[in-house]
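Residue numbers (the working numbering): 6 to 291.
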Amino acid sequence: MRNIPEIKFNNRRVEHINGFELKVLEEFISNLKKPTDHDPFQAHRLSFNIILIITDGMVRHSVDFETHDLQEGDVMVISKGQIHAFDVHSRYKGYMMLFTEEFMQKYIASSTIAQINHLYNYFLGQKKINNPDHNQTLIRSLKKELQRNSSTLPNVIGALLSIYLLKMNDENDRSSNFIVNKYLDCFNHFKLLVEKNFSKSRDAKTYAAEMSVSYKFLNQVCKEIVKTTAKAFIDSYVILEAKRILVTTSLSVKETAYALGFDEPTNFLKYFKKHTSCTPAGFRKL
């Protein structure tokens with residue numbers, strides 16, 4: 006895998022609205038085949054959120070090193086910080102909404118963001134949602150509003166996106182029997198702590214103590230939400246970050262080990278191979 010820089014959101018492409026863009030996939034893919042500063046058909050990290058909507062046919066799309074088969078009516082949310090790649094052999098037909106964290110914070114109510122939080126929690130499992138009716142309604146409304154030259158356009162787009170995400174949230178709840186309760190709040194707290202401190206500690210008991218809960222309860226929470234132990238969740242996060250560093254930077258394996266908080270590069274080598282059956286150098290060459 007080649008090193009690819011993080012892709013930034015380009016606000017210059019759309020007038021009257023910053024932080025949001027609607028793209029037609031056929032046109033976007035056609036432009037991708039022209040010379041650019043990176044290869045979108047190779048893995049690259051996002052600095053914004055994407056909602057990928059497929060309206061016809063079937064495509065294969067890679068997100069965080071896993072390949073997903075998407076067909077007509079399917080929707081996939083790809084979060085800021087995730088790594089994805091378009092499939093050069095697929096014929097993409099549909100739409101792609103790009104929007105920044107800043108756009109969400111400014112134009113989507115905080116109560117709505119809290120309600121749809123797990124749509125962007127990829128550690129609960131990258132899921133596709135089949136939602137053709139809502140897709141058509143949203144795209145039709147977005148196209149109509151984006152033709153207007155109005156100072157209220159960002160607010161209208163934010164409202165449309167809010168309604169769509171809330172309906173997606175309902176569909177996701179039904180398809181996954183998602184449990185919104187004290188376990189989810191606790192898990193989100195744990196996840197945030199891991200994201201912040203994984204390079205300092207990989208000990209689940211340390212996180213349980215910081216959260217003022219028992220190690221047994223934290224394991225119970227993780228098994229309820231992500232069907233695995235707290236330690237296994239930490240390990241999966243560290244491995245994902247290791248893969249991201251190996252793909253998107255030119256850091257040596259030794260430097261990667263230190264960046265992830267390992268005292269000795271040999272310990273990182275053993276850890277990575279244990280969880281992936283592959284060496285860091287071998288993964289980088291895939």
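Just so you know, even glycine gets a beta-carbon here, dropped at the ideal spot from N, CA and C.
With respect to the beta strand (DSSP E) encompassing residue i, which residues constitute its N-terminal and C-terminal limits?
| i | result |
| --- | --- |
| M109 | It is not in any beta strand (DSSP E) - M109 instead sits in the alpha helix (DSSP H) that spans E106 to Y112. |
| K248 | No beta strand (DSSP E) contains K248, which is instead part of the alpha helix (DSSP H) from A235 to T253. |
| K133 | K133 to N135 |
Which stretch, first to last residue, makes up the alpha helix (DSSP H) that contains residue i?
| i | result |
| --- | --- |
| S115 | S115 to Q120 |
| I22 | From DSSP, I22 is part of no alpha helix (DSSP H); its letter is neither H nor E. |
| V258 | V258 to A264 |
| F273 | P270 to T281 |
Assuming residue i contacts residue j under a Cβ cut-off of 8 Å, what Cβ separation, rounded to an integer in Å, is found between them?
| i | j | result |
| --- | --- | --- |
| M109 | I56 | The Cβ separation is near 12 Å, so there is no contact. |
| V258 | P270 | 6 Å |
| E176 | I134 | 5 Å |
Report yes if the CB atom of residue i is closer than 9 Å to the CB atom of residue j, and no otherwise.
| i | j | result |
| --- | --- | --- |
| R1 | I88 | This structure cannot settle anything about residue 1, because the visible part of the chain is limited to 6 through 291. |
| V243 | Y276 | yes |
| L265 | S204 | yes |
| I59 | L27 | no |
| V199 | Y188 | no |
| L151 | L143 | no |
| K111 | S52 | no |
| S95 | V64 | yes |
Using a 10 Å radius around the Cβ and a threshold of 16 neighbouring Cβ atoms, would you call residue i buried or exposed?
| i | result |
| --- | --- |
| T105 | buried |
| D208 | exposed |
| G99 | buried |
| N154 | exposed |
| A214 | exposed |
| N15 | exposed |
| S167 | buried |
| N272 | exposed |
| S286 | Sequence inspection shows Ala at residue 286; the Ser mentioned does not correspond to that position. That one is exposed. |
| G62 | exposed |
| N54 | buried |
| D3 | Any answer about residue 3 is impossible in this case: the structure gives the chain only from 6 up to 291. |
Query - In chain order, each beta strand (DSSP E) run of at least 3 residues that lies wholly inside the segment 24-98 - result: Whole beta strand (DSSP E) segments, 3+ residues: 25-29, 54-59, 63-68, 71-76, 79-83 and 88-90.
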